Structure formats: C-alpha cells, structure tokens
Amino acid sequence: MIHLAHPEFRIHPITTLKQDTLTIGIIDYLNVEPLYYRLQERLAGKPVAFRRGVPTELNRALVAGEVDLAPISAIVAAEMADHVAVLPDLSIATMGAVKTVLLFSWMADPRELDDVRIALSEESATSVALVKILARHFWHVRPRYVVEPQDLTQMLRRSAAALLIGDDALVESAHRREIPGRGQPYAFDLGDEWLKWTGLPFVFALWAARREVLPLIADLDIVPALYESKAEGLAHIPEIARAYAPRLGLPVGVLTKYLHDLRYDLRPRDRAGLLTFLQLALPLFEPDALLCWHPQDGLQALFAGIEPANAVVAECRA
Numbered sequence: 119m120i121h122l123a124h125p126e127f128r129i130h131p132i133t134t135l136k137q138d139t140l141t142i143g144i145i146d147y148l149n150v151e152p153l154y155y156r157l158q159e160r161l162a163g164k165p166v167a168f169r170r171g172v173p174t175e176l177n178r179a180l181v182a183g184e185v186d187l188a189p190i191s192a193i194v195a196a197e198m199a200d201h202v203a204v205l206p207d208l209s210i211a212t213m214g215a216v217k218t219v220l221l222f223s224w225m226a227d228p229r230e231l232d233d234v235r236i237a238l239s240e241e242s243a244t245s246v247a248l249v250k251i252l253a254r255h256f257w258h259v260r261p262r263y264v265v266e267p268q269d270l271t272q273m274l275r276r277s278a279a280a281l282l283i284g285d286d287a288l289v290e291s292a293h294r295r296e297i298p299g300r301g302q303p304y305a306f307d308l309g310d311e312w313l314k315w316t317g318l319p320f321v322f323a324l325w326a327a328r329r330e331v332l333p334l335i336a337d338l339d340i341v342p343a344l345y346e347s348k349a350e351g352l353a354h355i356p357e358i359a360r361a362y363a364p365r366l367g368l369p370v371g372v373l374t375k376y377l378h379d380l381r382y383d384l385r386p387r388d389r390a391g392l393l394t395f396l397q398l399a400l401p402l403f404e405p406d407a408l409l410c411w412h413p414q415d416g417l418q419a420l421f422a423g424i425e426p427a428n429a430v431v432a433e434c435r436a
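In the numbering used here, the protein residues as written are 119 to 436.
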C-alpha cells in the first residue's frame, strides 16, 4: 500500500478571512465548468469570493484556510477527513476513459515500465496516487518517480513515461502529436485502466468544505445554488463546450463528448470505487471518518452501506 500523507498538509485555522465572507475554489479546467454554470450570478450580492487554481493549489488553499469550499483531490479530502465535510452528489468521476488523466509512454505496454523513470504532474494528487497504485498492483512494475511541471515534451525527454492531467492532457490526447526527435508516444487512460482492474468508476475530485464554515454555507444557501448550477450546466453542455473551445483550440464536438462522458454525481458505485481507491492509497484510512454534509440532513458517513472491491483490496494487501 502507498501512504501519501503530505507534510505541508497541516490544518491551519482561518486567520486571514473574515468569518462572514466565504471563499469558493474553482478548478481551472474545463471539467468543472458545468458545475459552476452561472453560479456567480446566483450568488451575486452575497459575501462570496472565488479563487481559481489547479487541483494541488486548491488542496493547499483549503488546508491553509485560504478557501472555505472547493473541489479538491479526493485523496486530500480523505487525509483532511477530521477537518472537512464532503458535499453529497457532487464529484468529478468517470466510468472508464476520462481523456484528461493520461500516462504518455515510450513503452507500448505499461507492464514494461519496470525500473524506469516516470514524470508526474505537479498539478495532481489523486492521479499521482492512482498511477502509483496501478503500477504496483495492476501492472506489477516498480518505476522511479519524479514530480515536474506539466510540459509533455520536457517530461518525456528524460523519462520513459509522463502523467498529464486536465486541459493539457485533453489537448495532447486530441492532437496525438509527435515529440521532436522521438516520435509519437503511446497513451494510457488511467480511468480506463482502473475500470479494467476493478470494474468500478473512479472519483478524482470531491467538493469539500472546512467544518467551521458549514453554518455560513447554510446561511448563504450555497448548496442549493451549487445543485442548481449543476443541473443547468449539464443541460447546457454544448454551449459550455462552444464557449471553451477557443481556449483549447479543439473542436466543439470533442469537448461536448468529453463533458457528456464525465460523471458529476456521487452515487453508490462511485462511492464504492472511491472507497476501494482510498483503502489502497492510505493504509490508515478509516471509512467512517469521512463525512458528507447537507444543510437539511447534517453530517453523515459518506461510505455508510458501501462495500469496496474487496477482492482487489485483499489481493493488494496479501
């Protein structure tokens, strides 16, 4: 098993924000756009601020108390379980190929990646943990890892494989370009690899809130606004794709299909996939520790009544 406790993830009390102001984090990738559709309009006039960043930036900001509520890496939400609550029915997940969490490799089979160097994106926590778990337990290889900025050309100059996430991965997967002087690398979708192994969806991100601001979130009606934005955003995916296409330089149809293929709920099978992942990634993880919260229902165990892929977990722990 792999323990990914981060030394910088020490929970800090909120000291820099006014207690009556709520700061919401937004991942600066296309995949969250449907969930924030017209959210700023819905919250206009309320003491709410927004902060954009890549997943690892929002992870650190939530830990430090610089944001109060944000979509963060699922593994970090688990590591912060004593200090945060997860909002139900909100996630970024996939059943199979996701197109934005890709391992580009000079090897035609990931099972050939033994004792080689793999460059990992500095923008990810969950995907980094996932590639390490797949390497050890599914591909049965033990590569060496290094964390680097997301630049596929630079990453693959010194490494046998490179993990790319987010919009950069989507662009690279669409173009499938050649690396100067090296040719075209192979690409493996980690969502697809996880499905082959476990038969379950994979949850990359959860909406987590610091527990001390839950009363403020309730007072400002943030949760209903998020659910309304999600429902309207999912009904307007073609419009979102059309607005975002110039930023990535990709066809609207490619972005529309990508957004339609994602899962934004947190249903029982999503939770089963998440629980399986967390039990493999964090040896000391206690399922009852991670709670979800709704203004009407209060705090409840996220994994109540959920069973992981026990055969997979047992095999890895043997």
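Built from N, CA and C at the ideal position, the CB exists for glycine as well.
All values reported here derive from a predicted model rather than from experimental measurement.
Exercise for review: Kindly provide the ranges of any beta strand (DSSP E) runs that are 3 or more residues long and lie completely inside the region 315-358, ordered along the chain.
Suggested key: 320-328
Check your understanding: Under a three-way DSSP split, which group does residue 231 fall into?
Key -> coil
Check your understanding: Near residue 423, which residues of its chain fall below 7 Å by C-beta distance, leaving aside the five closest residues on each side in sequence?
Key -> none
Point to revise | Nearest residue (CA-CA) to residue 259, options 198, 232, 225 | key: 232
Practice item. Report the residue ranges of all beta strand (DSSP E) runs contained in full by the region 185-228; include only those spanning at least 3 residues, in chain order. Key: 187-191, 202-212, 219-223
Exercise for review: Give the straight-line distance between the Cα atoms of residue 126 and residue 198, rounded to the nearest whole angstrom.
Suggested key: Bear in mind that a pLDDT of 39 at residue 126, under 50, signals an unreliable position, so the number given afterwards is only what the model happens to contain. Going from the Cα of residue 126 to the Cα of residue 198 covers about 12 Å.
Practice item. Please report how far the alpha carbon of residue 448 lies from the alpha carbon of residue 319, in whole angstroms. Key: Outside the modelled stretch of the chain, which goes from 119 to 436, sits residue 448, for which no answer is possible.
Check your understanding: Roughly how many whole angstroms lie between the Cα atoms of residue 323 and residue 179?
Key -> 15 Å
Check your understanding: Leaving out the 5 sequence neighbours to the left and right, which residues in its chain are closer than 7 Å to residue 223 when beta-carbon positions are compared?
Key -> 231, 278, 279, 303, 304, 306
Point to revise | Those runs of the alpha helix (DSSP H) which lie wholly inside the region 128-177 and span at least 4 residues | key: 157-160
Practice item. Kindly indicate the opening and closing residues of the alpha helix (DSSP H) around residue 262. Key: Note, residue 262: premise wrong, no alpha helix (DSSP H); beta strand (DSSP E) at 262-266.
Point to revise | Simplified DSSP state of residue 123, which is helix, strand or coil | key: With a pLDDT of 38 at residue 123, under the threshold of 50, the predicted position of this residue should be treated as unreliable, though the coordinate-derived value follows. Residue state, collapsed to three classes: coil.
Check your understanding: Should residue 236 and residue 267 be called a contact, given that it needs their Cβ atoms to be closer than 9 Å?
Key -> no
Point to revise | residue 380 beta carbon less than 9 Å from that of residue 166 | key: no
Point to revise | Range covered by the alpha helix (DSSP H) that runs through residue 251 | key: 244-251
Exercise for review: Give the straight-line distance between the Cα atoms of residue 385 and residue 427, rounded to the nearest whole angstrom.
Suggested key: 15 Å
**Study point:** Terminal residues of the alpha helix (DSSP H) in which residue 473 lies
**Key:** Outside the displayed range of the chain (119 to 436) lies residue 473, so it cannot be described from this structure.
Check your understanding: Of all the options 140, 269, 395, which has the alpha carbon lying nearest to the alpha carbon of residue 321?
Key -> 395
Review point. Between residue 373 and residue 343, what straight-line distance do the alpha-carbon atoms span, to the nearest angstrom?
Key: 25 Å
Practice item. Might you give, ordered along the chain, the residues of its own chain that have their beta carbon closer than 6 Å to the beta carbon of residue 187, omitting 5 neighbours on each side? Key: 142, 327
Check your understanding: With burial defined as no fewer than 16 other Cβ atoms inside 10 Å of the residue's Cβ, what is the status of residue 389: buried or exposed?
Key -> buried
Review point. Does the distance from the C-beta atom of residue 315 to that of residue 255 stay below 9 Å?
Key: yes
Review point. Would you report the Cα separation of residue 145 and residue 432, rounded to the nearest angstrom?
Key: 34 Å
Check your understanding: Among the residues of its own chain, which have a CB less than 6 Å from the CB of residue 208, if the five just before and after it don't count?
Key -> 325
Check your understanding: Which same chain residues, not among the five before or five after residue 234, have their C-beta less than 6 Å away from its C-beta?
Key -> 261, 278
Exercise for review: Determine, using beta carbons only, whether residue 279 comes closer than 9 Å to chain D.
Suggested key: Considering every chain present, this structure includes no chain D. It has just one protein chain.
Exercise for review: Helix, strand or coil for residue 304, going by three-state DSSP, please let me know.
Suggested key: strand
Point to revise | Assigned secondary structure, residue 239 (DSSP; H/G/I helix, E/B strand, else coil) | key: strand
Point to revise | Neighbourhood of residue 352 by C-beta, 6 Å cutoff - its chain only, sequence neighbours within 5 removed | key: 152
Check your understanding: If you count every other CB in all the chains shown that lies within 10 Å of the CB of residue 357, and 16 or more means buried, which is it?
Key -> exposed
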